[in-house]
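Peer 1:
2 protein chains.
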Amino acid sequence: MNEAEFIAALRALPLHLGARGLLDDAAVLPFGGESLVLTHDMIAEDVHFLGSDDRANVAWKLVAVNLSDLAAKGAEPVGVLIGASLTRSARDFVTGLHVALAHFDTPLLGGDTIAPGENGCEVFSCTALGRATHLPVPSRAGAKPGDGLWVTGTIGDAGAGLAIARGAQGPAELLERYLRPTPRLAEGRALAPHVHAMMDVSDGLLIDASRMAQASGLAAEIDLSLVPLSPHLSDVMAAATAGDDYELLFAAPPGFEPPVPATRIGGFIDGAGLRLSDKGAPVPLPPRLGYLHER
Amino acid sequence: MNEAEFIAALRALPLHLGARGLLDDAAVLPFGGESLVLTHDMIAEDVHFLGSDDRANVAWKLVAVNLSDLAAKGAEPVGVLIGASLTRSARDFVTGLHVALAHFDTPLLGGDTIAPGENGCEVFSCTALGRATHLPVPSRAGAKPGDGLWVTGTIGDAGAGLAIARGAQGPAELLERYLRPTPRLAEGRALAPHVHAMMDVSDGLLIDASRMAQASGLAAEIDLSLVPLSPHLSDVMAAATAGDDYELLFAAPPGFEPPVPATRIGGFIDGAGLRLSDKGAPVPLPPRLGYLHER
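If you're matching them up, the sequences are chains R and H in order. Take 23 as the starting number for the first sequence in the numbering used here and just add one per residue. Take 23 as the starting number for the second sequence in the numbering used here and just add one per residue.
(1) Whose C-beta lies closer than 7 Å to the C-beta of Ala284 of chain R among residues of the same chain, with five residues either side of it excluded?
(2) If you run the structure through DSSP and keep just helix, strand and coil, what is His120 of chain H?
(3) Using a Cβ cut-off of 8 Å, which residues of the segment 63-83 of chain H contact any Cβ in chain R, in chain order?
(4) So is Ile136 of chain H in contact with chain R if we call contact Cβ pairs under 8 Å?
(5) For a quick check, are the C-beta atoms of Ala194 of chain H and His254 of chain H less than 8 Å apart?
(6) Fully enclosed by the segment 76-112 of chain H, which alpha helix (DSSP H) runs are 4 residues long or longer?
(7) Assuming Val159 of chain H and Ser57 of chain H form a contact by the criterion Cβ under 8 Å, report the distance between their Cβ atoms to the nearest whole angstrom.
(8) Can you confirm whether Thr61 of chain R, when its beta carbon is compared against all beta carbons of chain H, has any partner nearer than 8 Å?
(9) Can you list, in chain order, the residues of its chain whose CB lies under 7 Å from that of Ile229 of chain H, leaving out five sequence neighbours each side?
(10) Buried or exposed: Glu316 of chain H, going by 16 or more other Cβ atoms within 10 Å of its Cβ?
(11) Tell me, please, whether the CB atom of Val159 of chain H is closer than 8 Å to any CB atom in chain R?
(12) At a Cβ threshold of 8 Å, is Thr174 of chain R touching chain H?
(13) In this structure, does DSSP put Asp63 of chain H in helix, strand or coil?
(14) What alpha helix (DSSP H) runs, 4 residues minimum, are completely inside the segment 199-287 of chain H?
(15) For Ala41 of chain H, return the contacting residues in chain R, with the cut-off set at a CB-CB distance below 8 Å.
(16) Tell me where the alpha helix (DSSP H) around Arg162 of chain R begins and ends.
(17) Could you compute how far the alpha carbon of Leu60 of chain H sits from the alpha carbon of Gly73 of chain R?
(18) If you draw a straight line from the alpha carbon of Arg113 of chain H to that of Val121 of chain H, how long is it in whole angstroms?
(19) Measuring straight from C-alpha to C-alpha, what distance separates Ile29 of chain R and Ser111 of chain R?
(20) Name the chain H residues whose beta carbon is nearer than 9 Å to that of Gly55 of chain R?
(21) Rounding to the nearest angstrom, what Cα-Cα distance links Ala342 of chain H and Leu35 of chain H in this structure?
(22) Note down, in chain order, each residue of its chain lying with its Cβ closer than 8 Å to the Cβ of Arg202 of chain H, except the 5 sequence neighbours on either side.
(23) For Gly302 of chain R, count the other beta carbons within 10 Å of its own beta carbon; 16 or more makes it buried, fewer makes it exposed. Which is it?
(24) Under three-state DSSP, which class holds Phe28 of chain H?
(25) Under 8 Å by Cβ, that's how I've got Arg153 of chain R and Val100 of chain R pegged, so tell me the actual separation to the nearest angstrom.
(26) Taking CB distances under 8 Å as the criterion, tell me whether Arg317 of chain R reaches chain H.
(27) When you compare the CB of Pro203 of chain H with every CB in chain R, is at least one pair closer than 8 Å?
(28) With a 10 Å radius around its C-beta and 16 neighbouring C-beta atoms as the bar for buried, classify Asp257 of chain H as buried or exposed.
(29) Find out if the Cβ-Cβ distance for the pair Ala41 of chain H, Gly289 of chain R is shorter than 8 Å.
(30) Would you report the Cα separation of Ala94 of chain R and Pro309 of chain H, rounded to the nearest angstrom?
(31) With DSSP as the reference, identify every bridge partner of Glu56 of chain R, one or two as the case may be.
(32) Any Cβ of chain H within less than 8 Å of the Cβ of Ala97 of chain R?
(33) Residues of chain R with CB under 7 Å from Met23 of chain H, in chain order?
(34) Would Thr149 of chain R pass as an interface residue toward chain H - the criterion being a Cβ-Cβ separation below 8 Å?
(35) Beta carbon of Ala273 of chain H, beta carbon of Ala219 of chain H: below 8 Å?
(36) Tell me the residue span of the beta strand (DSSP E) that contains Asp134 of chain R.
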């Protein structure tokens, strides 16, 4: 069973309306007189982090990727629940968790610990709870024909950082973007009142843009020459298909002037799928648009 | 690092007031004018379930144990988030999840999937969100000197069921109590307005009673002859130190008449720790009060 099949099977279960059909980064539901935003991620050794990774960085990343889902909804963090394996590196994990929670000004709400299984399985989980700051809360759906497709920050740095973590040569700041991503919380809150659709870029720019297009029932166009790269990178196709950016991707109406630094990289038109170009000249889609959880 | 050391380390982190000092079964926090109850559990092969267990039952148990934490707060379930490894048995897991969510009338809010690591690590997680039905929301603390100590249902059946799952002979209904525990949701809501303290019995009656006593700054007394056993069981010490009961344990004032079936097994007095007796005669504490997550 791959990820798509599993999620399709989950869609056949009794879903809360706030689950948004399991098509979004987070659940959004009314609670009392406010809107609650809830997201959950689980990470495991050899899948999301390397055995050699400092568990303090793993803790940072775990918190950051969950807060990034809140950022994509324009939500402010309320707190997190943490689950952790009790391995030898649990102490490093807690140290990193302390740094991350203090940095993001997000308190711990609770958690769970599990003894490692006989196979030494090391796994961590996080549930982040947020409060929506603007209604309606942006979703992946909602882009309209003629909207621009925008992205914050630069793309591909974390992918290059992963190569460095695996032994390649490269600047420390790329490694840092892989190890300690920054959720765009302030940017998400600033953008939420203005966008038609928003999500974070977690599995790769191209695959995530195609997901926004699909959820919105439209085609997305991206001009690769417009994709913002840091000075260290030059291979835009590698950058646009690498994961772990945690930048915000959003759809906004023509003439939009973003309240935070962001780059227009394309737009939405009637149709379906993703179309690439380079300064206007069509470019074929690469065989892999991003990272997929499969076996 | 064992569970107690890990939780002690977490207590040094920035905690939300709703985390209740990580001393309770769930986080309780105000949200939108209501009280939100949030709990998170992670389970792994060889720790919480056996490799031979039907993953449909594992899914039931995962949901049930989280809803049991809500029950202990008198909360009504709003929905759950699920995390799951994409192993061959993922399909059975989803089937069991469907049965459990329908049975407990609790919708899915979202989730996460992870590819299994190279070591085939199989792990599942659940975050349950509930709405408190009574304020203040009961905690483990709050028992008063003179209070009775009460428990719903019968104790030790799931422990005997675990032995059956491992190959011992025994009645199917004990196996069922291990495989498919029932959270006492209606009982929890009925009790919440009346109790001074409440929690669920997950790691064993004795260890959980001692935790309630410690959180309340009191000593707990249990008369083993009063502990309710099903007709299949006779070894009360084995029953009182076995885990996975998911009955509710609560403190209530003298003369309390429970609105749901429950048994008074002892009470609280000034002091600290747990004191056992059998029809009034002192009984020494066993070396192990219940299940501890350690390595």
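Cβ coordinates follow ideal geometry from the N, Cα and C atoms, glycine included.
Peer 2: Taking the geometry as given:
(1) Sequence index remark: in the first sequence, residue 284 of chain R carries index 262 (1-based). For Ala284 of chain R, where only same-chain residues beyond five positions count, the Cβ hits under 7 Å are Trp172, Val173 and Thr174.
(2) What you label residue 120 of chain H is simply residue 98 of the second sequence in a count that begins at 1. Correct three-state label for His120 of chain H: helix.
(3) Asp63, Met64, Ile65, Ala66, Glu67, Asp68, Val69 and His70
(4) Against the second sequence, residue 136 of chain H aligns to sequence position 114. Yes, Ile136 of chain H counts as interfacial toward chain R.
(5) Looking up residue 194 of chain H in the second sequence gives position 172. Looking up residue 254 of chain H in the second sequence gives position 232. Contact flag unset, no.
(6) 77-94
(7) By 1-based counting over the second sequence, the position of residue 159 of chain H is 137. By 1-based counting over the second sequence, the position of residue 57 of chain H is 35. Right, their Cβ atoms sit about 6 Å apart.
(8) Taking the first residue of the first sequence as 1, we reach residue 61 of chain R at position 39. Yes, its Cβ sits closer than 8 Å to a Cβ of chain H.
(9) Reading the second sequence from its first residue, position 207 is the one you call residue 229 of chain H. Excluding positions up to five away in sequence, the list reads Leu311 and Gly312.
(10) Reading the second sequence from its first residue, position 294 is the one you call residue 316 of chain H. The predicted position of Glu316 of chain H is uncertain, since its pLDDT is 46 and thus under 50; a value taken from the coordinates is nonetheless stated next. By the 10 Å Cβ count, Glu316 of chain H comes out exposed.
(11) Stepping through the second sequence from its first residue, residue 159 of chain H is reached at position 137. It does not; no Cβ of chain R falls within 8 Å.
(12) Here residue 174 of chain R corresponds to residue number 152 of the first sequence, with the count starting at 1. Cβ-Cβ to chain H under 8 Å: no for Thr174 of chain R.
(13) The residue you call residue 63 of chain H lines up with position 41 of the second sequence. It is a strand residue.
(14) 207-213, 227-238 and 258-262
(15) On the second sequence, residue 41 of chain H is found 19 positions in, with the first residue counted as 1. Gly101, Pro129, Leu130, Leu131 and Gly132, listed in chain order.
(16) Within the first sequence, the letter at position 140 stands for residue 162 of chain R. Run containing Arg162 of chain R: none; DSSP gives neither H nor E here.
(17) Position 38 of the second sequence, counting from 1, holds the residue named residue 60 of chain H. Position 51 of the first sequence, counting from 1, holds the residue named residue 73 of chain R. Taking the straight line joining both Cα atoms gives about 31 Å.
(18) Your numbering for residue 113 of chain H matches position 91 in the second sequence. Your numbering for residue 121 of chain H matches position 99 in the second sequence. Whole-angstrom Cα-Cα distance: 13 Å.
(19) Along the first sequence, read from residue 1 onward, the residue named residue 29 of chain R stands at position 7. Along the first sequence, read from residue 1 onward, the residue named residue 111 of chain R stands at position 89. Spanning the two alpha carbons is a distance of roughly 32 Å.
(20) Locating residue 55 of chain R in the first sequence gives position 33, where the first residue counts as 1. What Gly55 of chain R touches in chain H: Gly54, Gly55 and Glu56.
(21) In the structure as shown, chain H begins at 23 and stops at 317. Residue 342 of chain H is therefore absent and cannot be evaluated.
(22) Here residue 202 of chain H corresponds to residue number 180 of the second sequence, with the count starting at 1. Closer than 8 Å at the Cβ level, and outside the excluded window around Arg202 of chain H, lie Asn79, Trp82, Lys83 and Ala86.
(23) Sequence index remark: in the first sequence, residue 302 of chain R carries index 280 (1-based). It counts as exposed.
(24) Reading the second sequence from its first residue, position 6 is the one you call residue 28 of chain H. If DSSP states are grouped into helix, strand and coil, Phe28 of chain H belongs with the helices.
(25) On the first sequence, position 131 is the one that residue 153 of chain R refers to. On the first sequence, position 78 is the one that residue 100 of chain R refers to. At roughly 6 Å, the Cβ-Cβ gap stays under 8 Å, so Arg153 of chain R and Val100 of chain R are in contact.
(26) Residue 317 of chain R sits at position 295 when you count from the first residue of the first sequence. Since pLDDT at Arg317 of chain R reaches only 35, below the 50 mark, its modelled position is unreliable, and no value is offered.
(27) The residue given as residue 203 of chain H occupies position 181 in the second sequence. With 8 Å as the cut-off, Pro203 of chain H does not count as an interface residue toward chain R.
(28) Counted from its first residue, the second sequence places residue 257 of chain H at position 235. Classification of Asp257 of chain H: exposed, given that the 10 Å Cβ count is below 16.
(29) Here residue 41 of chain H corresponds to residue number 19 of the second sequence, with the count starting at 1. Here residue 289 of chain R corresponds to residue number 267 of the first sequence, with the count starting at 1. No; because the gap between Cβ atoms is not below 8 Å, this pair is not in contact.
(30) One-based indexing of the first sequence puts residue 94 of chain R at position 72. One-based indexing of the second sequence puts residue 309 of chain H at position 287. Roughly 51 Å between the two C-alpha positions.
(31) Position 34 of the first sequence, counting from 1, holds the residue named residue 56 of chain R. Beta-bridge pairing links Glu56 of chain R to R:Phe53.
(32) Numbered from 1 along the first sequence, position 75 holds the residue referred to as residue 97 of chain R. Closer than 8 Å: no.
(33) To locate residue 23 of chain H, count along the second sequence from 1; it is residue 1. What Met23 of chain H touches in chain R: Leu108, Ala112 and Arg113.
(34) For this step, residue 149 of chain R is matched to residue 127 along the first sequence. Yes, Thr149 of chain R counts as interfacial toward chain H.
(35) Position 251 of the second sequence holds residue 273 of chain H. Position 197 of the second sequence holds residue 219 of chain H. Taking 8 Å as the Cβ cut-off, Ala273 of chain H and Ala219 of chain H qualify as a contacting pair.
(36) Looking up residue 134 of chain R in the first sequence gives position 112. Leu130 to Ile136 is the span of the beta strand (DSSP E), which, as asked, contains Asp134 of chain R.
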